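Engineer: If you want my numbering, it's the 1-based position in the sequence shown plus 177. Here you go, one structure.
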Amino acid sequence: AELAGRSLGHAGDIDESARVVADRLCGSDTVFRPMARASRLTIDACPLVWCEPPAVAGEWLESADAGGVEALFHDTAGGLCGYVLIGDRIMQADRLAPLLQAGYRA
Numbered sequence: 178a179e180l181a182g183r184s185l186g187h188a189g190d191i192d193e194s195a196r197v198v199a200d201r202l203c204g205s206d207t208v209f210r211p212m213a214r215a216s217r218l219t220i221d222a223c224p225l226v227w228c229e230p231p232a233v234a235g236e237w238l239e240s241a242d243a244g245g246v247e248a249l250f251h252d253t254a255g256g257l258c259g260y261v262l263i264g265d266r267i268m269q270a271d272r273l274a275p276l277l278q279a280g281y282r283a
């Protein structure tokens, strides 16, 4: 499914967008807010975890070392809205999840 140019591939997002459409048809000003979801690509040589940020203003902050790469996207208020983790840095995905939800849904 697609909503406002964004592809929705998860059932939860499709259900949520259906609720928003129903609310809007009933006169509500409900806004669709997708859930943050991490995607994983498991390649022995280079594991990768990422969560695409929503279309909001902000900036990427990157750091790297021999073990991997971390790129965090923060909105203008400082909330975490997306990330890319490569190599050993993928272990940080669980720690970032609660922070991501707050920034992503704001």
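Even glycine gets a Cβ: it sits at the ideal position worked out from N, Cα and C. Computed from a predicted model, the values in this text were never measured in an experiment.
From the DSSP output, in three-state form, read off Ile263 for me.
Structural biologist: Note: Ile263 maps to strand in three-state DSSP.
Engineer: Tell me which residue opens and which closes the beta strand (DSSP E) that Cys228 is part of.
Structural biologist: Unbroken beta strand (DSSP E) run through Cys228: Leu225 to Cys228.
Engineer: Quick one, which of Thr207, Val233, Gly204 and Ile263 has its alpha-carbon nearest Asp288's?
Structural biologist: As displayed, the chain neither begins before 178 nor continues past 283, which places residue 288 out of reach and without an answer.
Engineer: Helix, strand or coil for Val246 per DSSP?
Structural biologist: Looking at Val246 - three-state DSSP - the assignment turns out to be strand.
Engineer: Per DSSP, which one or two residues make a beta bridge with Asp252?
Structural biologist: Beta-bridge pairing links Asp252 to Gly235.
Engineer: Would you give the residue range spanned by the beta strand (DSSP E) that Arg217 belongs to?
Structural biologist: Ser216 to Leu218 is the span of the beta strand (DSSP E), which, as asked, contains Arg217.
Engineer: Would you say the region 225-237 touches the region 195-208, given that touching needs at least three Cβ pairs under 8 Å?
Structural biologist: The region 225-237 is not in contact with the region 195-208.
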